[in-house]
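Trainee:
2 protein chains.
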Amino acid sequence: MLKTPDHQVAGHEAGLGKLGPLIDNSGRFYKPLQGSNRGSEEVAFYESFSSNVNIPDSIRKFFPVYYGTEIVKASTGSDHPHMVLQDLTSAHVNPSVMDIKIGSRTWGPKASEAYIAKCLKKDRESTSIPLGFRISGLQVYIDDDSGFYKPHRSYIRKTGPDDVRLLLRKFVSSNPSSAEMETGRGPDCSLASLVYGGPNGILAQLLELKAWFEDQTIYHFYACSFLFMFEKGLALKGAWSKTAVKLIDFAHVTDGNGVIDHNFLGGLSSLIKFISDILAETNDFSGTNGHVEL
Amino acid sequence: MLKTPDHQVAGHEAGLGKLGPLIDNSGRFYKPLQGSNRGSEEVAFYESFSSNVNIPDSIRKFFPVYYGTEIVKASTGSDHPHMVLQDLTSAHVNPSVMDIKIGSRTWGPKASEAYIAKCLKKDRESTSIPLGFRISGLQVYIDDDSGFYKPHRSYIRKTGPDDVRLLLRKFVSSNPSSAEMETGRGPDCSLASLVYGGPNGILAQLLELKAWFEDQTIYHFYACSFLFMFEKGLALKGAWSKTAVKLIDFAHVTDGNGVIDHNFLGGLSSLIKFISDILAETNDFSGTNGHVEL
């Protein structure tokens, strides 16, 4: 029996008469093939990537496992082809999740004029142009009583550079829903050094990917997203390996043709700087890395 | 007495009734202030940059020295305000010069709709979108008899990714004007390890700048160019320090507002990969770095 995912923070949602992703209870994620070639393009990417021997294992771990395609009963009630992927959140109980679309440009060189105009408008209205990335959605686990901090899509759509900085701080805070106006102080970033920092934290993983993007010329990843995920309880116990960085959404991947993906790399480098800034700032105050300012 | 520069490879050229740069015989370059605020914007950048104490000397060396503005008799015959800058080619006799405009996007976030449309068209028609940079002009010294290889602007305007790869090879070849069709082989890249490689070569200098761009959030350099310069005779004698990498054209620099210049960094990283590829390939054959393929 398939059901809708519990922890989706962005993208199409399955509903009455609406196609959206489904999951089973064995850790698989069913993504319906989208129209106008996007579905087949994404299948083509997964087929190519799965069989490409030039992808090091250290990089492959950032991508969901691909199990092929299957026709299943969709959320609309009728049979529809789906990609069968690893359900990234299946191992989690109360995952904090953030979806970040990378690149200041979300359209590839061969896109149609109409599609370019549509993307360019969104890229300019969001933070994609100024920051090289935009937040597409997030949820931050607080506790069993309060549940999750999960800002509405209408707010996410309007986020500017200052909101992005704030949301990246809230993502690693024990008080994500605290309004600065009321408390007199912002999110506490108490989990920053656990989640962003450390040898297996998000920053270390992003730097590993960055080194690959400085050299790889196989694929260009337009409109692709990072999924950051961690389990607050495990993070507090120091279970680092559960802090996950994954890449998703490959409907607009193109051949690299011997050129690096400078659009993705630029956005990734910008995101790295944002996260480094948060770490530097929280380390200054908490002194957790030994560099206490006296 | 001012005169037109001998080694200009791109940009407006001074002529009868046309404003363009001039030089004197004491090593100064006079750049006329352009209209529609560009001139004053570029002056504002040079004033800000010259007095900014947060720019390390290791980075300042990549920029022309700025001496202020001065009203001089322009190439049009009338008085006009000029920026007075260091003449970068004054120390050279027969410089090989290449001008490369960096960034897949040459317009800043606050540009007008009309200006964005104009730039986007050029960025898409050139290699800026696919490669993250485009070649704006070059001259390669051959010898006193043959003079320079200097492709016409009409060819430069039409260069695609393969032409760019070829021109980057020709720039460091003793036979830049050889047509592959006739000789059966391409440019020899005989100067690649001298000019691109080595501890003071172009690649090392670009990597130094890249490290700064991964961290600096002061300026965003839209539509800014690299000028690569070397003197063939000196390069052959091992006079490394004369291989120059300079940044020019700052009419579209904007405030970084705490964000890295991901557009410039992406293009710079792409250019670094192109140059690394040429070095790797020429080293494979010449064995100059000891890694001969057996």
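Listed in order, the protein sequences are those of chains S and F. Just so you know, we're using the working numbering here: the first sequence kicks off at 104 and counts up by one. Just so you know, we're using the working numbering here: the second sequence kicks off at 104 and counts up by one. The beta carbon of each residue, even a glycine, is placed where N, CA and C say it ideally should be. This one's a predicted model, so the numbers in the text were calculated from it and none came from an experiment.
Take residue 316 of chain S as the anchor and find which of S/305, S/295, S/354 and S/159 has the nearest alpha-carbon.
Mentor: What you label residue 316 of chain S is simply residue 213 of the first sequence in a count that begins at 1. Ranking the options by Cα distance to residue 316 of chain S, first place goes to S/159.
Trainee: For residue 125 of chain F, does the three-state DSSP call read helix, strand or coil?
Mentor: On the second sequence, position 22 is the one that residue 125 of chain F refers to. It is a strand residue.
Trainee: Mapping the DSSP letters down to three states, classify residue 406 of chain F as helix, strand or coil.
Mentor: Residue 406 of chain F falls outside the range modelled here, since chain F spans only 104 to 397, and no answer is possible.
Trainee: When the Cα atoms are used, what is the spatial distance from residue 273 of chain F to residue 291 of chain F?
Mentor: Within the second sequence, numbered from 1, the residue matching residue 273 of chain F stands at position 170. Within the second sequence, numbered from 1, the residue matching residue 291 of chain F stands at position 188. Each residue's Cα considered, the two are about 8 Å apart.
Trainee: Mind listing the chain S neighbours of residue 363 of chain F? Cutoff is C-beta to C-beta under 7 Å, in chain order.
Mentor: Within the second sequence, numbered from 1, the residue matching residue 363 of chain F stands at position 260. Per Cβ cutoff of 7 Å: 372, 373 and 376.
Trainee: Is the number of C-beta pairs between the segment 329-338 of chain F and the segment 196-204 of chain F that are closer than 8 Å three or more?
Mentor: Judged by Cβ distances under 8 Å, the segment 329-338 of chain F makes contact with the segment 196-204 of chain F, as three or more pairs qualify.
Trainee: Would you mind listing the alpha helix (DSSP H) stretches within the segment 249-319 of chain F that are 4+ residues and don't spill past its ends, in chain order?
Mentor: Complete alpha helix (DSSP H) runs here, min 4: 256-260, 264-273, 283-286, 295-298 and 305-316.
Trainee: Roughly how many angstroms lie between the CA atoms of residue 233 of chain F and residue 360 of chain F, to the nearest whole one?
Mentor: Mapped onto the second sequence, residue 233 of chain F falls at position 130. Mapped onto the second sequence, residue 360 of chain F falls at position 257. The alpha-carbon atoms of residue 233 of chain F and residue 360 of chain F are separated by roughly 27 Å.
Trainee: Does residue 233 of chain F come out as helix, strand or coil in the three-state DSSP assignment?
Mentor: Numbered from its first residue, the second sequence carries residue 233 of chain F at position 130. It is helical.
Trainee: If we ignore side chains and look at the alpha-carbon of each, how far apart do residue 394 of chain S and residue 301 of chain S end up?
Mentor: Counted from its first residue, the first sequence places residue 394 of chain S at position 291. Counted from its first residue, the first sequence places residue 301 of chain S at position 198. Unreliable positioning characterises residue 394 of chain S in this predicted model, as indicated by a pLDDT of 39, which lies under 50. The coordinate reading is nonetheless provided below. Going from the Cα of residue 394 of chain S to the Cα of residue 301 of chain S covers about 15 Å.
Trainee: Would the segment 147-167 of chain S count as touching the segment 349-357 of chain S if we require 3 or more Cβ pairs under 8 Å?
Mentor: Flag = yes, the segment 147-167 of chain S and the segment 349-357 of chain S touch.
Trainee: So, for residue 352 of chain F: in the same chain, excluding its five sequence neighbours on each side, which residues have a beta-carbon less than 7 Å away from its beta-carbon?
Mentor: Here the question's residue 352 of chain F lines up with position 249 in the second sequence. 326, 327 and 328.
Trainee: Using only CA atoms, which one of F/130, F/235, F/137 and F/347 lies nearest to residue 121 of chain F?
Mentor: Counted from its first residue, the second sequence places residue 121 of chain F at position 18. Nearest of F/130, F/235, F/137 and F/347 to residue 121 of chain F, Cα basis: F/137.
Trainee: Beta carbon of residue 382 of chain F, beta carbon of residue 306 of chain F: below 8 Å?
Mentor: As a position in the second sequence, residue 382 of chain F is number 279, starting the count at 1. As a position in the second sequence, residue 306 of chain F is number 203, starting the count at 1. A contact, by the Cβ cut-off of 8 Å.
Trainee: Nearest chain F C-beta to residue 382 of chain S closer than 8 Å, yes or no?
Mentor: As a first step, residue 382 of chain S is located in the first sequence; it is residue number 279 there, counting from the start. False, the Cβ-Cβ gap to chain F never drops below 8 Å.
Trainee: At 8 Å on the CB atoms, spell out the chain S contacts of residue 119 of chain F, in chain order.
Mentor: Position 16 of the second sequence, counting from 1, holds the residue named residue 119 of chain F. Going along chain S, no residue has its Cβ under 8 Å from residue 119 of chain F, so there is no contact; the nearest lies around 40 Å.
Trainee: Measure the CB-CB distance between residue 188 of chain F and residue 167 of chain F and report whether it falls below 8 Å.
Mentor: The residue given as residue 188 of chain F occupies position 85 in the second sequence. The residue given as residue 167 of chain F occupies position 64 in the second sequence. Yes, the pair counts as a contact, with Cβ atoms nearer than the cut-off.
Trainee: Helix, strand or coil for residue 107 of chain S, going by three-state DSSP, please let me know.
Mentor: Within the first sequence, the letter at position 4 stands for residue 107 of chain S. Coil.
Trainee: Using 8 Å as the limit for Cβ to Cβ distance, is residue 272 of chain F near chain S?
Mentor: Translated into the one-based positions of the second sequence, residue 272 of chain F becomes position 169. No, no contact with chain S.
Trainee: With residue 369 of chain F and residue 365 of chain S assumed to form a contact (beta carbons below 8 Å), what rounded beta-carbon distance in angstroms separates them?
Mentor: Stepping through the second sequence from its first residue, residue 369 of chain F is reached at position 266. Stepping through the first sequence from its first residue, residue 365 of chain S is reached at position 262. About 3 Å; that satisfies the 8 Å criterion.
Trainee: Report the neighbours of residue 159 of chain S on chain F: residues whose CB is nearer than 7 Å to its CB, in chain order.
Mentor: The residue you call residue 159 of chain S lines up with position 56 of the first sequence. Under the 7 Å cutoff, chain F gives no residues; its nearest Cβ is about 17 Å from residue 159 of chain S.
Trainee: Taking Cβ-Cβ distances shorter than 7 Å, what residues in chain S pair up with residue 303 of chain F?
Mentor: To locate residue 303 of chain F, count along the second sequence from 1; it is residue 200. Here the premise fails: no neighbours, minimum Cβ distance about 22 Å.
Trainee: Look up residue 208 of chain S in the DSSP assignment and say whether it is helix, strand or coil.
Mentor: On the first sequence, residue 208 of chain S is found 105 positions in, with the first residue counted as 1. DSSP places residue 208 of chain S in coil when its eight states are reduced to three.
Trainee: Could you tell me the boundaries of the alpha helix (DSSP H) in which residue 148 of chain S lies?
Mentor: For this step, residue 148 of chain S is matched to residue 45 along the first sequence. It spans 141-154 - the alpha helix (DSSP H) in which residue 148 of chain S sits, taken as one unbroken run.
Trainee: Of all the CB atoms in chain S, is at least one closer than 8 Å to the CB of residue 366 of chain F?
Mentor: Mapped onto the second sequence, residue 366 of chain F falls at position 263. Yes - at least one Cβ of chain S is within 8 Å of the one on residue 366 of chain F.
Trainee: When you compare only the Cα positions, how much space is there between residue 124 of chain F and residue 377 of chain S?
Mentor: As a first step, residue 124 of chain F is located in the second sequence; it is residue number 21 there, counting from the start. As a first step, residue 377 of chain S is located in the first sequence; it is residue number 274 there, counting from the start. Taking the straight line joining both Cα atoms gives about 40 Å.
Trainee: Against chain F, with Cβ distances strictly below 8 Å, would residue 397 of chain S count as a contact?
Mentor: Sequence index remark: in the first sequence, residue 397 of chain S carries index 294 (1-based). Only weak support is given to the placement of residue 397 of chain S: the predicted model assigns it a pLDDT of 34, under 50, and the value that follows is read from those uncertain coordinates. It does not; no Cβ of chain F falls within 8 Å.
Trainee: From F/319, F/294 and F/235, pick the residue whose C-alpha is nearest to that of residue 340 of chain F; which is it?
Mentor: Along the second sequence, one-based indexing puts residue 340 of chain F at 237. Nearest C-alpha to residue 340 of chain F: F/294.
Trainee: Check for me: the beta strand (DSSP E) holding residue 328 of chain F runs from which residue to which?
Mentor: As a working note, residue 328 of chain F is residue 225 in the second sequence. Residue 328 of chain F -> beta strand (DSSP E) spans 328-334.
Trainee: Rounded to the nearest angstrom, how far is the Cβ of residue 349 of chain F from that of residue 152 of chain F, given a contact under 8 Å?
Mentor: Looking up residue 349 of chain F in the second sequence gives position 246. Looking up residue 152 of chain F in the second sequence gives position 49. So it is not a contact: roughly 13 Å between Cβ atoms.
Trainee: Could you please give the first and the last residue of the uninterrupted alpha helix (DSSP H) stretch that includes residue 358 of chain F?
Mentor: Counting from 1 along the second sequence, the entry for residue 358 of chain F is found at position 255. Taken as a continuous stretch (DSSP letters only), residue 358 of chain F belongs to no alpha helix (DSSP H), being part of the beta strand (DSSP E) at 355-358.
Trainee: Since residue 160 of chain F is in the beta strand (DSSP E), which residue starts that stretch and which ends it?
Mentor: Here residue 160 of chain F is taken as the residue at index 57 of the second sequence, counted from 1. From DSSP, residue 160 of chain F is part of no beta strand (DSSP E) but of the alpha helix (DSSP H) over 160-163.
Trainee: Rounded to whole angstroms, what's the CA-CA distance from residue 261 of chain S to residue 207 of chain S? Just pull it up for me.
Mentor: Along the first sequence, read from residue 1 onward, the residue named residue 261 of chain S stands at position 158. Along the first sequence, read from residue 1 onward, the residue named residue 207 of chain S stands at position 104. Straight-line Cα distance between these residues: approximately 16 Å.
Trainee: Quick check: the Cα distance between residue 227 of chain F and residue 314 of chain S, rounded to an integer number of angstroms?
Mentor: Counting from 1 along the second sequence, the entry for residue 227 of chain F is found at position 124. Counting from 1 along the first sequence, the entry for residue 314 of chain S is found at position 211. Looking at the two C-alpha atoms, the distance is approximately 27 Å.
Trainee: Rounded to a whole number of angstroms, what is the C-alpha to C-alpha distance between residue 392 of chain F and residue 298 of chain F?
Mentor: Locating residue 392 of chain F in the second sequence gives position 289, where the first residue counts as 1. Locating residue 298 of chain F in the second sequence gives position 195, where the first residue counts as 1. Its pLDDT being 43, under 50, residue 392 of chain F is placed unreliably by the model, and the measurement read from it follows with that caveat. So the two alpha carbons sit approximately 14 Å from each other.
Trainee: Does the beta-carbon of residue 390 of chain S have 16 or more other beta-carbons within 10 angstroms, so that it is buried, or is it exposed?
Mentor: As a position in the first sequence, residue 390 of chain S is number 287, starting the count at 1. Because residue 390 of chain S sits at a pLDDT of 42, beneath the cut-off of 50, its placement in the model cannot be relied upon, and the following sentence gives the value as read from the coordinates. Classification for residue 390 of chain S: exposed.
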